[in-house]
Structure formats: C-alpha cells, structure tokens
Amino acid sequence: MSEKARVFISQPIPESALARLRTLADVEVGGDSSRILPRLELIERLRRADVFVHLMHDAVDAGALAEATRLRLIASMSIVPATVDLAAATARKIAVTTIPPIVTEATADLHFALLLAAARRVVEADAALRKGTFPGSQSMHFAGAGVHGKTIGIVGLGRIGRSIARRARGFDMAVLYSKRSRLPESEEREIGATFSALGDLLRRSDFISVSCSLTPQTRHLIGARELALVKPGAILVNTARGPVIDEAALVAALTSGPLAGAGLDVYEEEPRVHPGLLPLRNVVLLPHLGSAVFELREKMAHVVVDNIEAFLAGKRPPNLHNPEIYA
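In this note's numbering, the protein residues as written are 94 to 420.
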C-alpha cells in the first residue's frame, strides 16, 4: 500500500502493541473496553479501514464485509475467528490472520477458578457478606461441595482439557475423559485420565468440565437427555464454547436438578445470556474471560501486530487462516 494504511480496532489493546501499530499505520480505536461496539457503528468504521483488528465479539458477516470495500486484512486476536464469515472474506480476497494456541494455561486456570467458586459458593457468600450477612465460621449457611479427592469428568481432552486434568491431579481428583477417539494407553497413563463414554462420565462425575471444540457434531452435545444422566449434586463448568450446551436444558437442570451448580464463561448466544441463568444463585457467570490475563493479552496483541506488519510489508502473514487467497 503506497499511502499509510488505516487500521481500525473496536476496543483498546495493550498499549505496547498499540504503540507499535501506530508506527506502521494510522490507527483508529472505536471505544472503551466496557462494551461491544454496536453493529451499525462497527460497519461505519469498517468502511474507512484497510485493516481490521478483530476481537472475538466483533461480528463480521457477509453484510458487513460488503460495506467494507477498502478492507484487505482482518487480523483476528482469536485462535479460531468464529465470528468472521471466512467464506465471504476469502471471496473478497481479504486475508484473515489468527493467533497460535497460546491461551491454554490461562483458560485452564479460569476453568478451575470457576469450579472452585461454584463448589464453595464463593460469589454467593461474597454478595451476602457485603449486605451484612455473617452467619459464623461453622454455620451450614454457605456450606458447599468439596473438591479434593472427587471425580472430574472432562468432555474433550485437547490442549485445554489436558491442562485441566493436570490441575485436577493437584487436588487428588480421579480424572475421567470423553473424546471422539480414545487416546493411546501410554498417553492416558501420562495424563492420569481414564476414558469413559459421555453418558457414563456424566453419571460418575462430581464435576463436569466442558472443554471440547464447537463443531456441527458438538452443538448441543449436552442437552436435556444428557443432563438427566448427571449425578445428583454435580457441578458443571464450561469455558469452551456456549453452544455445546443447550442453555434452556441447563437452566432446567440447575433449577429442578440434578445439577447443584455451574460455572460459565461462555454462552449459547453471546453476548446474550439466557435470562433464566441470571437469577440463579447457584451459578457463577463470567463474560468470556478465558484469556483475560495482562501478560497473555499483551502477547496476543503483539502477535496480531506481527501479522499486520508482515502484511503491510507485502509479505505473507505468519498466521494466515485462509491461505487460498494467495493461490
């Protein structure tokens, strides 16, 4: 590009990466970090952009791309740019870049934070204490579920699932896993996990950890039929993808049993949260914070700038998601 490229970002990214980006292009930042940019405002800004730094909740569909006639690169800060219409971008010869799988440990940390918070009723007790409730250290008022020595069932044993399993071993938990293809026995021994069919895992687990990718086959993998199999008093945690779980069925299982609680970082129709979840005190809700760690977000942002820098220099970006545009 002969003239200085125009880069648009819907929310601020870490300052060190932003400073680098400003040496490469004219940069426009859409708003603050507290809200997702509305669709019409996003489209208006995209009309002026050569490069778009895509954050997970920026929905870039075919209609938005049709308006973005200048756009040449979507530099996503996601491993999988699920909210970008990849086919439409590719048809318009718009490069789409991503980041490598560097969010594993932070996501596994948050998964266990949700598990512990739901089990020990941390958020519920915190809210009550702020309103003046202090029932005494040996009261049963906020008694919750123990974690040490219990059974955890991990649905999907990829990178994040394995990291969750490692953390579970620190709590002397028995680890079950369900996966489309069983791992070799040597890997199972190394991880310390036992293969189980999904139904059996749900029946046996005190904690159900959802850690699988979203595919057509895993959409609503856990619905009313599966939740009916759950051990009474179990707790479910999802830091993977919201549509893996049928949220209406989840609300019913949390309201009437058999689930005792849940910890959720992802939702079926993000950013919308099922209204039935909001009044439930036995659910811990987070706004998709899996990678929200200062050091990690900085690393992610610099990978995005690396991709942009290569593209603006006329090179093939290092983390290209649609290489067919160079065919």
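Think of the CB as a built atom: it goes at the ideal place given N, C-alpha and C, for glycine as much as any other residue. Predicted model, so just to flag it, every value in this text is computed and none were measured.
Report the three-state DSSP secondary structure of Met-94 (helix, strand or coil). Working through the sequence shown from its first residue, we reach residue 94 at position 1. Because the pLDDT at Met-94 is just 46, under 50, the model does not fix this residue reliably, and the value given afterwards should be weighed accordingly. Residue state, collapsed to three classes: coil.
Would DSSP call Asp-119 helix, strand or coil? Translated into the one-based positions of the sequence shown, residue 119 becomes position 26. Three-state result, Asp-119: strand.
Is it buried or exposed for Ile-195, if we count other Cβ within 10 angstroms and need 16 for buried? Position 102 of the sequence shown, counted from the first residue, corresponds to residue 195. Classification of Ile-195: exposed, given that the 10 Å Cβ count is below 16.
Decide yes or no for the touch test of the region 152-168 against the region 181-189: beta carbon pairs closer than 8 Å, at least 3 of them. With the cut-off at 8 Å, the region 152-168 and the region 181-189 touch.
Cα-Cα separation, Arg-255 to Glu-137: One-based indexing of the sequence shown puts residue 255 at position 162. One-based indexing of the sequence shown puts residue 137 at position 44. Near 42 Å, if we compare the C-alpha coordinates of Glu-137 and Arg-255.
For Leu-207, which residues in the same chain have their Cβ closer than 8 Å to its Cβ, ignoring the five residues on either side in sequence? As a position in the sequence shown, residue 207 is number 114, starting the count at 1. Within the same chain, Cβ atoms closer than 8 Å to the Cβ of Leu-207 are found at Val-330, Thr-332, Gly-356, Leu-357, Asp-358, Val-377 and Leu-379, the five residues on either side in sequence being excluded.
Going by C-alpha distance, which of Phe-288, Gly-251 and Arg-275 is nearest Val-268? Within the sequence shown, the letter at position 175 stands for residue 268. Distance check between Val-268 and each of Phe-288, Gly-251 and Arg-275 places Phe-288 closest, using alpha-carbon atoms only.
What's the gap between the Cα of Ala-110 and the Cα of Ser-279? Here the question's residue 110 lines up with position 17 in the sequence shown. Here the question's residue 279 lines up with position 186 in the sequence shown. Answer to the nearest angstrom: the Cα atoms are 42 Å apart.
Measure the alpha-carbon distance for Asp-265 versus Gly-229 and round it to whole angstroms. Here the question's residue 265 lines up with position 172 in the sequence shown. Here the question's residue 229 lines up with position 136 in the sequence shown. Between the C-alpha atoms of Asp-265 and Gly-229 there is a straight-line separation of about 29 Å.
To test your reading of the DSSP string, which unbroken alpha helix (DSSP H) runs of 4 or more residues are found completely within the region 200-244? Note on the region 200-244: whole alpha helix (DSSP H) runs with a minimum of 4 residues are 215-223, in chain order.
Does the beta-carbon of Pro-174 have 16 or more other beta-carbons within 10 angstroms, so that it is buried, or is it exposed? Along the sequence shown, read from residue 1 onward, the residue named residue 174 stands at position 81. Flag for Pro-174 reads buried.
Between the Cα of Arg-297 and the Cα atoms of Arg-99, Ile-247 and Arg-262, which residue gives the shortest distance? By one-based count along the sequence shown, residue 297 stands at place 204. Considering only alpha carbons, the answer is Ile-247.
Note down, one range per segment and in chain order, each beta strand (DSSP E) of at least 3 residues found wholly within the region 268-345. Fully contained in the region 268-345 are the following beta strand (DSSP E) runs of length 3 or more, in chain order: 286-288, 300-303 and 328-331.
Can you tell me whether Leu-389 is helix, strand or coil according to DSSP? Reading the sequence shown from its first residue, position 296 is the one you call residue 389. Residue state for Leu-389 is assigned as helix, using DSSP reduced to three classes.
Could you give the residue range of the beta strand (DSSP E) that holds Leu-378? As a working note, residue 378 is residue 285 in the sequence shown. Counting along the chain, the beta strand (DSSP E) containing Leu-378 begins and ends at 376-378.
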